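Engineer:
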Amino acid sequence: MENRRVPTINESNLIYLVLGILLLTLGSVVQQINLNIGLIITEYLLVLLPVILFLRYKNYSIREVLRLNFINFNQAVFVFFIILFSYPIAVFLNFIVSTILSNFTNATNTGVPIPLSLNEFLISLFVIGVTPGICEEVLFRGMMLNSYEKLGKNKAIIITAILFGLFHFNLFNLIGPMFLGIILGIVYFKTNSIIASMWGHFINNSLALTIGYFAMQRVGELEDIVVNNPEINQYQEIKVTIIVLFIISTISALMLRTLIVHFPEKKDKIDNIDIDEQIEYEIEESTEVIEKINWAPVGIVILIFIFVNAMFFITL
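With our numbering applied, the sequence shown corresponds to residues 1255 to 1570, in that order.
1. In whole angstroms, what is the alpha-carbon distance linking Gly1435 and Val1494?
2. Between Phe1517 and Asn1548, what straight-line distance do the alpha-carbon atoms span, to the nearest angstrom?
3. Just checking my contact of Thr1385 with Met1398 at CB under 8 Å: how many whole Å lie between their CB atoms?
4. Where does the unbroken alpha helix (DSSP H) through Glu1318 begin, and where does it stop?
5. What do you get for Leu1370, buried or exposed, if any count of 16 or more other CB atoms within 10 angstroms of its CB means buried?
6. How big is the Cα-Cα spacing for Ile1291 and Ile1429?
7. Beta carbon of Met1432, beta carbon of Ile1416: below 8 Å?
8. Quick check on this structure: which residue in Leu1280, Phe1566, Asn1458 has the alpha carbon closest to the alpha carbon of Phe1335?
9. How many Å lie between Ile1388 and Ser1451 at the Cα?
10. Taking just the CA atoms, how far does Asn1357 sit from Asn1400?
11. Can the beta-carbon of Ser1503 be found closer than 8 Å to that of Ile1343?
12. Can you name the start and end residues of the alpha helix (DSSP H) that Phe1421 belongs to?
13. By alpha-carbon positions, which one of Ser1447, Leu1347, Gly1406 ends up nearest to Gly1419?
14. Whole angstroms are fine: how far does the CA of Ile1568 sit from the CA of Phe1332?
15. In terms of residue numbering, what span does the alpha helix (DSSP H) encompassing Thr1445 cover?
16. Kindly indicate the opening and closing residues of the alpha helix (DSSP H) around Thr1353.
17. For Leu1463 and Ile1377, which I take to be in contact (beta-carbon distance under 8 Å), what is that distance rounded to the nearest angstrom?
18. Roughly how many angstroms separate the alpha carbons of Glu1534 and Ser1340, rounded to a whole number?
19. Could you compute how far the alpha carbon of Lys1600 sits from the alpha carbon of Ile1440?
20. Comparing alpha-carbon positions, which option in Leu1273, Leu1513, Ile1350 lies nearest Val1555?
21. Just verifying my parser: in three-state terms, what is the DSSP assignment at Ile1492?
22. Roughly how many whole angstroms lie between the Cα atoms of Leu1405 and Ile1269?
23. For Gly1553, is the classification buried or exposed, using 16 other Cβ atoms within 10 angstroms of its Cβ as the cut-off for buried?
24. Quick one, are the C-beta atoms of Ile1325 and Ile1449 less than 8 Å apart?
25. Taking only the alpha-carbon atoms, compute the straight-line gap between Gly1281 and Thr1359 and give it to the nearest angstrom.
26. Assign Leu1373 to one of two classes, buried (16 or more other C-beta atoms within 10 Å of its C-beta) or exposed (fewer than that).
27. Along the chain, where does the alpha helix (DSSP H) that runs through Trp1453 open and close?
28. Are there 16 or more other CB atoms within 10 angstroms of the CB of Asn1427, so buried, or fewer, so exposed?
29. Exposed or buried, which one is Phe1456 when buried takes at least 16 other CB atoms within 10 Å?
30. Looking only at its own chain, which residues have a Cβ that is under 6 Å from the Cβ of Leu1573, when we skip the five neighbours before and after it?
31. Taking just the CA atoms, how far does Val1283 sit from Tyr1298?
Structure representation (structure tokens):
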């Protein structure tokens, strides 16, 4: 049992709690001083580094835990289009939540910072695209998804997707990340590689940045449309937006299902482990399933999430 290839669920849950606290404390402080530098510090020093140090300290194989396997060109293309068609669905889900919450508060979901210039856009691609794609994937699809896999792949994907959404500590931006977490989990298992989920995470964040960037270039035109059409009230605008997003999301869902069903999986190798090693690993994991799972760390994070968002609403 001392040579397990992946951390236990309890170990992952504890790391999840500690990193969540670090994110809300030290991470918030450094981000308030300077957003870009603060995000880099938060992701690399408060999320990625502790996970790597923990795996090294416990003598887990980083390569096996994270499944650092290459993906081929076809898989990379499929992941790109899977995320492309997943994005409208995530936007639609977040919009529905935001619309409901707007009845109780004047706050809105700020989302990712929108770059105003080409230079800011390129910097943001690294800070908001590349960085979370690496650091957050190592934590969630790398360590945590592998830990939870002993409960079954479907359960592991759903549970870690929920934890991924909660980790944003933003009620306005909860359902979208959860949905993205499910898609990234599917991609991760389809390719048997964290590189695929990193690529998908990068595409998702970069897509949001790109849309926001080009939308800001047309902000004047959008304002003119609103000014010149005063008969369009807020409720009509929300209704039209919901209808349009629903249609786009429905089409996207159909395309997404097709892409996932026909995804080019690797079936010749399992983490580059030979058959005897894999059988021994599976026996070892089946023994771990009977271990009692300590859900306290996850429960604490949920309570923190509720408290943070409740205070946000109260202060408004």
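Cβ coordinates follow ideal geometry from the N, Cα and C atoms, glycine included.
Since we're looking at a predicted model, the values are computed, not measured.
Structural biologist: In this structure, then:
1. 28 Å
2. 35 Å
3. Thr1385 to Met1398, Cβ: 18 Å. No contact.
4. 1316-1320
5. exposed
6. 27 Å
7. yes
8. Asn1458
9. 9 Å
10. 39 Å
11. yes
12. Unbroken run through Phe1421: none, as it is neither H nor E.
13. Leu1347
14. 44 Å
15. 1429-1445
16. 1327-1355
17. Not quite, the Cβ-Cβ distance comes to about 10 Å (not below 8 Å), so this is no contact.
18. Confidence in Glu1534 is poor, its pLDDT being 41 and thus under 50, which makes the residue's placement unreliable; the coordinate value appears in the next sentence. Going by the C-alpha atoms only, they are around 37 Å apart.
19. The requested residue 1600 does not occur in the structure, where the chain is confined to residues 1255 to 1570.
20. Leu1273
21. helix
22. 19 Å
23. exposed
24. yes
25. 26 Å
26. As written in the sequence, residue 1373 is Asn, which differs from the Leu given in the question. Counting Cβ neighbours within 10 Å, Asn1373 comes out exposed, since fewer than 16 surround it.
27. 1448-1471
28. buried
29. buried
30. Nothing about residue 1573 can be read from this structure; the chain reaches only from 1255 to 1570.
31. 15 Å
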